[in-house]
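K.L.:
One rule links them: number in our numbering = place in the sequence shown (from 1) + 96. Questions regarding the structure given below will be posed in turn.
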Amino acid sequence: MVALEATGPLDRNALLVGVLRCVNQRMLDSTLDEFKLEHKFYLLEACERIIRSPQLSGAAQQVIRNTRIDLSKTWLRKNSILGYWWNAGHLERYIAKIRSIHPTECGHYERIDILRVFGPSTRQVLSFHPDNWIISTARFLFVETFNKFVQEVDQTSRRMESNARRVRDPNERWCHWEDKRASISPIYSIPPDPPESDWAKAYADLKTLYSPNALESMGIDDIWG
Numbered sequence: 097m098v099a100l101e102a103t104g105p106l107d108r109n110a111l112l113v114g115v116l117r118c119v120n121q122r123m124l125d126s127t128l129d130e131f132k133l134e135h136k137f138y139l140l141e142a143c144e145r146i147i148r149s150p151q152l153s154g155a156a157q158q159v160i161r162n163t164r165i166d167l168s169k170t171w172l173r174k175n176s177i178l179g180y181w182w183n184a185g186h187l188e189r190y191i192a193k194i195r196s197i198h199p200t201e202c203g204h205y206e207r208i209d210i211l212r213v214f215g216p217s218t219r220q221v222l223s224f225h226p227d228n229w230i231i232s233t234a235r236f237l238f239v240e241t242f243n244k245f246v247q248e249v250d251q252t253s254r255r256m257e258s259n260a261r262r263v264r265d266p267n268e269r270w271c272h273w274e275d276k277r278a279s280i281s282p283i284y285s286i287p288p289d290p291p292e293s294d295w296a297k298a299y300a301d302l303k304t305l306y307s308p309n310a311l312e313s314m315g316i317d318d319i320w321g
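Right, dumping it as structure tokens:
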């Protein structure tokens, strides 16, 4: 829709904003039991592809960013219910899609916004008792996936900083570097579990039961070193 040329008085941006708002409302409607969380993430992925259009209005972009926030809240609520531990996998798949939808530099700021929105809810989900996860390896796989995404965003930020152009002050005879960007990793990475926590004990048990090669084959590296 955003790629179409205007052929008449129809305000296509206004129409798109209306459609996106309808999508947002449908995602928030808790009475639609058949509209599963998985489908809501599919819709958000479609919106992520739309937000990259240079023709998209600021209002439409804001609707999509608000949709991220609303889905983050819904995802947290679903995961807070005992037995919904597998819903964490929807965010893992979404992150995998984001890597192709918003690649490296051109999608850098959208990636940061996604971390800003889903970071707090992710930390809360990861704090749930092991009984909420049933399979502890799923939780550690999720940590690894999320932290690797954070590292990718952090590396892109550092690369952009190193390539920053030098700026000449028009009133002075000297050059200065642009402001240094704050590191992404310390802000959004999932930290190690406290040593006394049930999760730290569960991770220690995994490392006792399985060799490093076995853990790697399961997709779990030495998460926190």
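Idealized CB from N, CA, C, for every residue including glycine.
Counting C-beta neighbours from all protein chains within 10 Å, is the total for Lys136 16 or more, i.e. buried, or is it exposed?
P.N.:
For the purposes of this step, residue 136 is taken as residue 40 along the sequence shown, with counting starting at 1. Flag for Lys136 reads buried.
K.L.:
If you follow the alpha helix (DSSP H) that Gln158 is in, where does it begin and where does it stop?
P.N.:
For the purposes of this step, residue 158 is identified with residue 62 of the sequence shown, where counting begins at 1. Run containing Gln158: Gly154 to Asn175, per the alpha helix (DSSP H) assignment.
K.L.:
Quick one: residues in its chain with C-beta nearer than 8 Å to the C-beta of Leu172, no 5 flanking neighbours on either side, listed in chain order?
P.N.:
Taking the first residue of the sequence shown as position 1, residue 172 is located at position 76. For Leu172, where only same-chain residues beyond five positions count, the Cβ hits under 8 Å are Ser217, Gln220 and Val221.
K.L.:
Who are the near neighbours of Lys193 in its chain, counting only those whose CB is closer than 6 Å to its CB and skipping five residues on each side?
P.N.:
Within the sequence shown, residue 193 is the residue found at index 97, counting from 1. For Lys193, where only same-chain residues beyond five positions count, the Cβ hits under 6 Å are Glu141.
K.L.:
At the level of alpha carbons, what is the spacing between Leu311 and Ala300?
P.N.:
The residue labelled residue 311 in the question sits at position 215 within the sequence shown. The residue labelled residue 300 in the question sits at position 204 within the sequence shown. The C-alpha of Ala300 is placed about 12 Å away from the C-alpha of Leu311.
K.L.:
Near Arg164, which residues of its chain fall below 6 Å by C-beta distance, leaving aside the five closest residues on each side in sequence?
P.N.:
On the sequence shown, position 68 is the one that residue 164 refers to. Excluding sequence neighbours, Arg164 sits near Val213.
K.L.:
Just confirm the distance between the C-beta atoms of His225 and Asp289, as a whole number of angstroms; I'd bet it's less than 8 Å.
P.N.:
Counted from its first residue, the sequence shown places residue 225 at position 129. Counted from its first residue, the sequence shown places residue 289 at position 193. Taking C-beta atoms under 8 Å as the contact rule, His225 and Asp289 fail to qualify, at a distance of about 12 Å.
K.L.:
Check for me: the alpha helix (DSSP H) holding Ile280 runs from which residue to which?
P.N.:
On the sequence shown, residue 280 is found 184 positions in, with the first residue counted as 1. Segment: none, Ile280 is in no alpha helix (DSSP H) and carries neither H nor E.
K.L.:
Going by other Cβ atoms of all chains shown within 10 Å of its Cβ, with 16 needed for buried, is Cys143 buried or exposed?
P.N.:
As a first step, residue 143 is located in the sequence shown; it is residue number 47 there, counting from the start. Result: buried.
K.L.:
Considering just the uninterrupted stretch of the alpha helix (DSSP H) at Phe137, what are its terminal residues?
P.N.:
Counting from one through the sequence shown, the residue named residue 137 turns up at place 41. Here the alpha helix (DSSP H) through Phe137 covers Leu133 to Ile147.
K.L.:
Is the segment 199 to 210 touching the segment 149 to 158, taking contact as three or more C-beta pairs under 8 Å?
P.N.:
no
K.L.:
Do you know offhand how far Ile210's Cα is from Gly185's?
P.N.:
Counted from its first residue, the sequence shown places residue 210 at position 114. Counted from its first residue, the sequence shown places residue 185 at position 89. Going from the Cα of Ile210 to the Cα of Gly185 covers about 16 Å.
K.L.:
Enumerate in chain order the residues of its own chain whose CB-to-CB distance from Leu167 is below 8 Å, with the five nearest sequence positions on each side excluded.
P.N.:
The residue you call residue 167 lines up with position 71 of the sequence shown. Around Leu167, the same chain offers Met123, Lys136, Phe137 and Leu140 as residues with beta carbons nearer than 8 Å, after the five sequence neighbours per side are excluded.
K.L.:
Which term fits Leu187, buried or exposed, when burial requires 16 or more other beta carbons within 10 angstroms of its beta carbon?
P.N.:
Residue 187 sits at position 91 when you count from the first residue of the sequence shown. The residue in question, Leu187, is buried, as its Cβ has 16 or more Cβ neighbours within 10 Å.
K.L.:
Relative to the C-alpha of Pro282, which residue among Gly215, Glu292 and Ser258 is closest?
P.N.:
In the sequence shown, the residue the question calls residue 282 occupies position 186. Gly215 is the residue among Gly215, Glu292 and Ser258 whose C-alpha sits nearest the C-alpha of Pro282.
K.L.:
How long is the line joining the alpha carbons of Ser307 and Val239, rounded to whole angstroms?
P.N.:
Locating residue 307 in the sequence shown gives position 211, counting from the first residue. Locating residue 239 in the sequence shown gives position 143, counting from the first residue. Going from the Cα of Ser307 to the Cα of Val239 covers about 19 Å.
K.L.:
For a test of the three-state rule: what should DSSP assign to Ile191, helix, strand or coil?
P.N.:
Counting from one through the sequence shown, the residue named residue 191 turns up at place 95. DSSP places Ile191 in helix when its eight states are reduced to three.
K.L.:
Pick helix, strand or coil for His225, following the three-state DSSP scheme.
P.N.:
The sequence position of residue 225 within the sequence shown is 129, counting from 1. It is coil, neither helix nor strand.
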